[in-house]
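If you read the protein sequences in the order shown, they are chains A and B.
Okay, so the first sequence: first residue is 8 according to this note's numbering, each after it adds one.
Okay, so the second sequence: first residue is 8 according to this note's numbering, each after it adds one.
Number of protein chains: 2
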Amino acid sequence: MSSVRQIAGELGISVATVSRAMNQHAGVSEETRKRVLMAADKYQYRPSMGRKPTNVIGLVYPEEPVHSDIGDFEAALLSGILRGVYEKNHDLTFISAARDKHVDETYTQFFHRKGVRAIIMRSLGDTSLVEQIAAEEFPILLVADRSDDPRVNFIHSTSGDTSRKAVQHLVELGHKRIGLAMHNVVDTDHEDRKAGYMNALTEAGIAVDADLIVEAEANTSGGESMLTSLLQLDNPPTAVYFTNPMSTIGALHKCLKLGLNVPRDLSIVGFDDSVTRLQSFPRYTAVCQDAVSLGEEAARWITTAAQNESQSVFREVRPTTFEIQESTAYPSMTPARIDADGNLVHTV
Amino acid sequence: MSSVRQIAGELGISVATVSRAMNQHAGVSEETRKRVLMAADKYQYRPSMGRKPTNVIGLVYPEEPVHSDIGDFEAALLSGILRGVYEKNHDLTFISAARDKHVDETYTQFFHRKGVRAIIMRSLGDTSLVEQIAAEEFPILLVADRSDDPRVNFIHSTSGDTSRKAVQHLVELGHKRIGLAMHNVVDTDHEDRKAGYMNALTEAGIAVDADLIVEAEANTSGGESMLTSLLQLDNPPTAVYFTNPMSTIGALHKCLKLGLNVPRDLSIVGFDDSVTRLQSFPRYTAVCQDAVSLGEEAARWITTAAQNESQSVFREVRPTTFEIQESTAYPSMTPARIDADGNLVHTV
DNA sequence: GATTCAAAGCGTAACAGTTTCATTTTGAAG
DNA sequence: CTTCAAAATGAAACTGTTACGCTTTGAATC
């Protein structure tokens with residue numbers, strides 16, 4: 008195995024020049040650089056030590072190995088993060104703290120050992136890890152969640168206000184019994200959506216009915232089951248707000264199977280992270296957040312934070328938008344419900 | 008800024024011990040390790056040089072920055088890769104060859120500089136880059152594509168045979184005019200699917216009609232437009248095979264909009280990378296590949312290849328499966344088509 | 001109880017690459 | 001021809017790692 012010294016000796020130049028040439032540093036003539044690189048190739052030179060790759064951002068998930076498949080939101084977020092990171096000439100690497108961190112190591116030591124300069128972190132509800140890392144003053148950005156800890160940087164979307172607007176829209180159409188179908192894992196975003204729902208009802212003078220609030224997993228079968236249980240109520244809702252894209256899709260699918268016409272028999276407001284609302288039948292009215300640009304913005308901030316040491320706390324809250332599509336209309340005169348046999352009936 | 012020597016001096020031990028302690032190497036007592044790590048934390052020690060993080064697999068995409076959003080297939084593949092890589096105690100990092108590689112550098116030099124030991128590569132049709140890297144004998148695995156170059160390792164799914172089976176299924180149901188709706192970007196997988204379609208028709212003694220083969224982008228609007236142009240033919244198909252999940256979804260969506268009943272008025276066979284076929288209305292009959300396990304297997308192989316130097320060529324071809332769901336049936340007696348005004352009509 | 005022996009723990013010194021700073025070279029302006 | 005600044009380079013100092021050898025420890029064996 009060859010070393011910089013051998014190559015330097017071979018070419019009759021100094022090790023410093025070889026090192027500079029290998030690392031694309033300035034101060035080496037183009038001709039010397041080529042000679043060095045060719046010699047390195049010829050002697051199969053492999054740096055055995057060398058500076059750690061710089062400009063690397065770590066992406067940390069709370070659980071390892073990534074146990075569930077990467078969903079719609081995660082994929083869109085990752086797209087954005089990658090784009091932002093590339094734009095700023097950084098690389099992105101997945102880090103598994105759960106697997107690789109030694110107990111006695113501080114997080115800062117761990118990340119330095121892994122060769123990352125800063126961290127983008129996803130937290131599924133539990134922000135204690137982020138807070139711990141932020142306390143060490145290692146550059147970290149929590150994405151798509153928030154924390155009360157004053158040291159934690161985060162960027163997320165608020166869907167509380169837009170959720171209120173969405174439910175108001177239903178109220179204005181004349182709906183009085185409006186269901187809420189939520190994710191059964193509590194995080195701040197879903198809390199906000201629930202709060203928005205409550206506020207809209209309270210403002211409209213409509214009492215909140217606990218029966219109309221259901222929870223399930225954030226996937227299509229969760230959506231189906233939530234729709235089913237809502238429609239099995241004696242006094243079913245005429246409109247439902249699904250706070251998650253996949254459950255919205257599942258619910259719409261279930262409606263098609265039941266032969267229930269959306270929006271004539273039931274109005275549905277959904278949630279969308281990307282463009283799912285436009286790819287369903289019917290296209291659904293939704294509270295929309297742009298996960299791609301959330302990721303992009305996160306990457307842009309963390310890359311600059313990785314370079315300028317002391318940065319002030321960053322807390323960006325991005326608005327969500329409310330977009331009316333084809334899944335909401337005036338309430339049905341004869342609200343649909345599912346009877347004991349699982350059949351669709353219309354109440355009078 | 009402190010160094011290993013300062014810490015060693017402070018604790019009255021040697022630099023070797025400090026170095027070993029910092030890198031979780033054996034040969035250091037637990038007590039000494041703790042003292043070192045605490046001192047390192049106290050003096051804010053940051054290794055300025057140090058060994059590059061080992062056990063890192065690079066993920067390379069042909070185009071940079073990842074210009075399109077990460078789609079269904081890419082997300083599923085990435086899930087699998089991550090899981091496989093984690094399982095083998097490696098890390099995964101995104102590498103941008105287009106952006107960072109210096110022209111005079113060999114790929115091997117470039118990857119060493121980036122600190123990656125092996126590469127998983129996606130190629131969208133053009134395999135010349137993989138071949139070039141494989142020629143340097145750098146460990147690389149092409150995933151979800153293949154190459155004729157005898158040095159290239161690859162893992163992919165064959166959908167040719169299963170596509171033939173899918174079209175045979177339609178033939179057996181009685182269909183004679185069967186459309187093919189393809190991705191307009193040529194890669195080996197889509198070539199195979201087309202070949203399977205052709206074979207099935209030829210075997211059944213049905214002449215291939217070029218009018219029935221259409222191409223568009225692999226997304227929902229591509230699916231819609233392909234369906235539309237097929238149904239606008241004077242002699243429209245009674246069944247169509249869509250070789251891509253998103254275009255299948257787009258076509259099904261378009262059918263719902265047109266009021267065209269699938270499978271009564273038109274049979275549709277689609278393609279699925281994960282579980283999309285079960286989340287549509289109706290659930291669609293599909294040629295299915297498991298992108299997650301493809302990624303897992305890819306990660307497992309490349310991690311072992313990254314360690315044992317000379318490995319024999321690896322070429323795994325995974326079967327796809329054909330799954331009958333609700334979108335295929337006997338051909339309609341009155342095939343549907345779209346007239347000049349864009350309305351649905353039934354031919355007699 | 002003495003002996004043996006292997007493993008664990010640690011230090012010295014050699015080694016790998018990088019970077020600072022001084023020196024030389026180059027090239028263009030005066 | 002001189003001057004001077006920028007570019008290119010080298011010597012030496014510096015960073016972190018590792019091979020190898022020494023010491024200690026503790027348990028098995030005689």
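Cβ coordinates follow ideal geometry from the N, Cα and C atoms, glycine included.
These numbers were taken from a predicted model, which means no experiment stands behind them.
C-alpha of Thr250/B to C-alpha of Arg200/B: approximately 7 Å in a straight line. Cβ-Cβ distances below 7 Å link Leu177/A to Ile185, Ala246, Ser274, Val276 and Thr335 in the same chain, with the five nearest sequence neighbours on each side left out; the list follows chain order. The C-beta separation of Ala33/A from Val43/A comes to about 14 Å, leaving the pair out of contact by the 8 Å criterion. One alpha carbon belongs to His109/B, the other to Glu143/B, and they sit about 16 Å apart. Boundaries of the alpha helix (DSSP H) harbouring Pro252/B: Pro252 to Leu265, taken from the DSSP string.
Per DSSP, the beta-bridge partners of Leu66/A are Phe101/A and Ile127/A.
By the beta-carbon neighbour count (other beta carbons within 10 angstroms, threshold 16), Ala306/A is buried. Using a Cβ-Cβ cut-off of 7 Å, Glu112/B is close to Leu44 of chain A, given in chain order. Shown here, Ala217/A sits in a helix according to DSSP, grouped into three states. When rounded, the separation of the alpha-carbon atoms in Ile162/B and Val150/B is 5 Å. Apart from sequence neighbours up to five positions away, the residues of its chain that approach Thr354/A with a beta-carbon distance below 7 Å are Thr341, Pro342 and Arg344, ordered along the chain. For Phe278/B, the pairing in a beta bridge is given by DSSP as Val294/B. DSSP, reduced to helix, strand and coil, places Val324/B within a strand of the structure shown. In this structure, Gly132/B lies away from Val35/B, with their beta-carbon atoms at least 8 Å apart. Contact between Phe101/A and Phe118/A is absent: CB atoms are separated by about 13 Å, not below the 8 Å threshold. Between the stretch 124-140 of chain A and the stretch 45-64 of chain B, the count of Cβ pairs shorter than 8 Å is below three; the stretches do not touch. Here the alpha carbons of Gly167/B and Ala207/B stand approximately 10 Å from one another. Taking C-beta atoms as the reference points, Ala82/A and Ile77/B count as a pair closer than 8 Å. Within its own chain, the residues whose Cβ lies closer than 8 Å to the Cβ of Glu304/A, once the five positions on either side in sequence are excluded, are Gly87, Gly91, Ile162, Glu323 and Arg325, listed in chain order. Within chain A, the residues placing a beta-carbon under 8 Å from that of Met56/B are Met56, Gly57, Arg58 and Lys59, ordered along the chain. In this structure, Ala173/A sits away from Val282/A, with a CB-CB distance that is not shorter than 8 Å.
Looking at the DSSP output, Asn160/B shares a beta bridge with Leu148/B. Residue-level contact check: Thr283/B does not touch chain A, since none of the beta carbons of chain A fall below 8 Å from its beta carbon.
In this structure Pro69/B does not touch Ser154/B by the C-beta definition: roughly 13 Å separates them, more than the 8 Å allowed. Under the DSSP definition of a beta bridge, Met189/A partners with Glu222/A. Counting along the chain, His353/A sits inside no alpha helix (DSSP H); it lies in the beta strand (DSSP E) bounded by residues Leu351 to His353. For Met56/A, the closest alpha carbon among the candidates Tyr50/A, Gly65/A, Asn30/A and Thr39/A is that of Asn30/A.
Shortest Cα-Cα distance from Leu237/B to any of Pro157/B, Ile220/B, Thr227/B and Lys59/B involves Ile220/B.
For the pair Ala23/B and Gly16/B, the Cα-to-Cα distance works out to about 12 Å.
Distances from the CA of Ser103/B to each of Leu89/B, Leu84/B, Asn96/B and Leu136/B were compared; the closest alpha carbon is that of Leu136/B. Counting along the chain, no alpha helix (DSSP H) covers Val269/A, and no H or E run does either.
Here Glu231/A is buried, its C-beta having at least 16 other C-beta atoms within 10 Å.
According to the DSSP secondary-structure assignment, Ala343/A is paired through a beta bridge with His353/A. Taking a beta-carbon distance threshold of 8 Å, Gly122/B counts as an interface residue toward chain A. Straight-line spacing of the CA atoms in Glu330/B and Asp216/B works out to 26 Å. From the beta-carbon of Ser103/A, the residues of chain B found nearer than 7 Å are Tyr93.
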